[in-house]
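Asker:
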Amino acid sequence: MTEYNFLKACWCQPVDRVPVWLMRQAGRYLQCYKDVRAKGGGTFLDLCKDPERAAEVTIQPIDILNADAAILFSDILTPIEPMGMKLDFVPGPVFENPIRTAADVDALVVPEDMAEAVSYVPEIIKRLRVAFEGRVPLIGFGGAPFTLACYMVEGKGSKDFASLKQMMYGDFPLYDALMKKVTEMDRRYLNMQIEAGAQAIQIFDTWGGLLAPHDFEKYILPYVQELINGLNRKDIPIIYFVKGGGGMLELVKQAGADVLGLDWHVNLGKARDILGPDIAVQGNLDPTVLYAPKDHIEREVQRILDENADRPGFIFNLGHGILPTVPPENAIHMVECVHRLSQK
Ligand code: CP3
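Numbering (the UniProt record's numbering), first residue to last: 1 to 344.
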């Protein structure tokens, strides 16, 4: 049995205090991240591909925040590059040649060997396992097929991803062919991370909540199920985070993950009542609460712990990534409150 509270909580086992980490915990709100980013002189992608510096910025929030889990430093879009798409961050992601036609989908490569295609990823994972041994578990991650397809078809971030929607509703066979390729790449990519030493896997479906429940069921769920079914899970918990998924939890649960990520638009206690005792949950503090005074942060932490009402299988987190202008001392305070207020 694992000694890590984070992994115990993923399996709904009892813990002596609630584990906590923050989505996007490595990043620009930390001056030391900005220093390492500047040190190389290169771009964000150069940082992702430099195992020494990428490992360094993964460790920073563990030292500073005292978080209970680390997440590999990378981006959900880096494995799309070896599919044959040129990627830039300006700072938001941009693909030079978005996917629009059958010829574009045909031309996409699904690399046989992801450990070779993105060799910096297993290299970072191996370094981090050595650095973290006995201290914190390491979470690997990827984008869910739908969220990856959003960027591949739109070519950049968007409020509604209209190009993707046109393909999805207007040419389902083309959408299906694209999603099948992305899902297979994702399966190989996440299995490679497990093979390299990732101790949990989080699948980010940042844009999954854009769809109505019946559309989620048709256009997202089958591919995520295929992906999760195809992972060599052994004792590796799978976390599925659908931003905006709170209104369709029964469907999100059908993806087959061990843990569901919740944003802040759903009440934690109600979500747990709907989901039942056999699945863990992670969330669900509004990230902007970290701009509030310290006593307000503490009350919000207490409120969420009260909503959870001591049910096993709870991991405290933000409902989405930490924002770049949050004062680091407020994030430190949040982690300290979770530990202190939930201590058995
Ligand atoms: O600490 C961690 O959580 C690990 C690192 C991580 C990054 N991106 C680093 C990053 C993780 C887990 C991600 C996931 C990611 N990337 C998602 C899913 C989670 C979410 O936030 O919804 C998405 C949609 C992306 C795509 C992406 N990457 C966008 C939209 C942007 C630009 C917006 C922004 O936050 O800057 C990025 C860039 C990015 N990814 C940065 C970092 C630290 C900022 C780059 C910089 O240093 O300038």
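Glycine is no exception: its CB is placed at the ideal position from the N, C-alpha and C atoms.
To the nearest angstrom, how far is the alpha carbon of Met1 from that of Gly27?
Answerer: Any reading at Met1 is ruled out, since the residue's pLDDT is 47, under 50, leaving its predicted position unreliable.
Asker: If you measure between the beta carbons of Phe141 and Trp207, is that distance less than 8 Å?
Answerer: Result no, Cβ atoms of Phe141 and Trp207 do not sit closer than 8 Å.
Asker: Going straight from the alpha carbon of Phe6 to that of Met23, what length do you get?
Answerer: Distance between the alpha carbons of Phe6 and Met23: 14 Å.
Asker: Between which two residues does the alpha helix (DSSP H) carrying Asp273 extend?
Answerer: Counting along the chain, the alpha helix (DSSP H) containing Asp273 begins and ends at 268 to 275.
Asker: For Asn330, which three-state DSSP category applies?
Answerer: In the structure shown, Asn330 sits in a helix (DSSP, three-state: H, G or I).
Asker: Please work out which residues of its chain come closer than 7 Å, Cβ to Cβ, to Pro312, disregarding the five sequence neighbours upstream and downstream, and give them in chain order.
Answerer: Excluding sequence neighbours, Pro312 sits near Cys12, Gln13, Pro14.
Asker: Which residues bound the alpha helix (DSSP H) around Asp75?
Answerer: First-last for Asp75: undefined, no H or E at that position.
Asker: Could you check if Gly269 belongs to the surroundings of the ligand PLP, using beta carbon to heavy atom distance under 7 Å?
Answerer: Ligands in the displayed structure: the ligand CP3; the ligand PLP is not one of them.
Asker: When you compare the CB positions of Tyr151 and Leu77, do they come within less than 8 Å of one another, or not?
Answerer: Closer than 8 Å, so yes.
Asker: Is His214 buried or exposed, if buried means 16 or more other CB atoms sit within 10 Å of its CB?
Answerer: By the neighbour-count rule (16 or more Cβ atoms within 10 Å), His214 is not buried but exposed.
Asker: Looking at Met114 and the ligand CP3, is the gap between the Cβ and the nearest heavy atom below 7 Å?
Answerer: Result no, Cβ not under 7 Å from the ligand CP3.
Asker: Just to confirm before moving on: does the CB-CB distance between Ala255 and Gln282 stay below 8 Å?
Answerer: Taking 8 Å as the Cβ cut-off, Ala255 and Gln282 do not qualify as a contacting pair.
Asker: How about Met152: is its Cβ closer than 7 Å to a heavy atom in the ligand CP3?
Answerer: Flag unset: Cβ of Met152 not near the ligand CP3.
Asker: Kindly indicate the opening and closing residues of the alpha helix (DSSP H) around Ile297.
Answerer: Ile297 -> alpha helix (DSSP H) spans 294 to 308.
Asker: Let me check you understand the geometry: is the CB of Ile76 closer than 7 Å to at least one non-hydrogen atom of the ligand CP3?
Answerer: Yes, Cβ of Ile76 sits closer than 7 Å to a heavy atom of the ligand CP3.
Asker: Near Lys126, which residues of its chain fall below 7 Å by C-beta distance, leaving aside the five closest residues on each side in sequence?
Answerer: The answer, listed in chain order, is Ala196, Gly197.
Asker: Can you find the residues in the same chain that come closer than 6 Å, C-beta to C-beta, to residue 346, ignoring five residues on each side of it along the sequence?
Answerer: In the structure as shown, the chain starts at 1 and stops at 344, and residue 346 therefore has no counterpart that could be examined.
Asker: Would you identify the three-state DSSP class for Ala149, choosing helix, strand or coil?
Answerer: Helix, per DSSP.
Asker: Let me know if Glu116 comes out buried or exposed under the rule of 16 or more other beta-carbons within 10 Å of its beta-carbon.
Answerer: Under this definition Glu116 is an exposed residue.
Asker: With the cut-off set at 8 Å, would you say Gln25 and Ile322 are in Cβ contact?
Answerer: Yes, the pair counts as a contact, with Cβ atoms nearer than the cut-off.
Asker: Compute the Euclidean distance between the alpha carbons of Ile194 and Leu138, then round it to the nearest angstrom.
Answerer: Approximately 10 Å, taken between the alpha carbons.
Asker: Within 10 angstroms of the Cβ of Thr58, are there 16 or more other Cβ atoms? Answer buried if so, exposed if not.
Answerer: Buried.
Asker: State yes or no: is the C-beta of Val335 within less than 8 Å of the C-beta of Leu72?
Answerer: Cβ atoms of Val335 and Leu72: not closer than 8 Å.
Asker: Under the rule that 16 or more other beta-carbon atoms within 10 Å means buried, what is Thr325, buried or exposed?
Answerer: Exposed: under 16 other Cβ atoms inside 10 Å.
Asker: Can we count Ala26 as close to the ligand CP3, meaning its CB is less than 7 Å from some heavy atom?
Answerer: At least one heavy atom of the ligand CP3 is nearer than 7 Å to the Cβ of Ala26, so yes.
Asker: Over the uninterrupted beta strand (DSSP E) stretch that includes Ala200, give me the two end residues.
Answerer: Where Ala200 is concerned, the enclosing beta strand (DSSP E) stretches over 200 to 205.
Asker: Thinking just about the alpha-carbon of each residue, which of Leu108, Pro51, Glu56, Arg299 is nearest to the one in Lys34?
Answerer: It is Glu56 whose Cα lies nearest to the Cα of Lys34.
Asker: Let me check understanding here. Comparing Cα to Cα, which of Pro91, Ile201, Gln202, Lys180 lies closest to Gly157?
Answerer: Nearest of Pro91, Ile201, Gln202, Lys180 to Gly157, Cα basis: Pro91.
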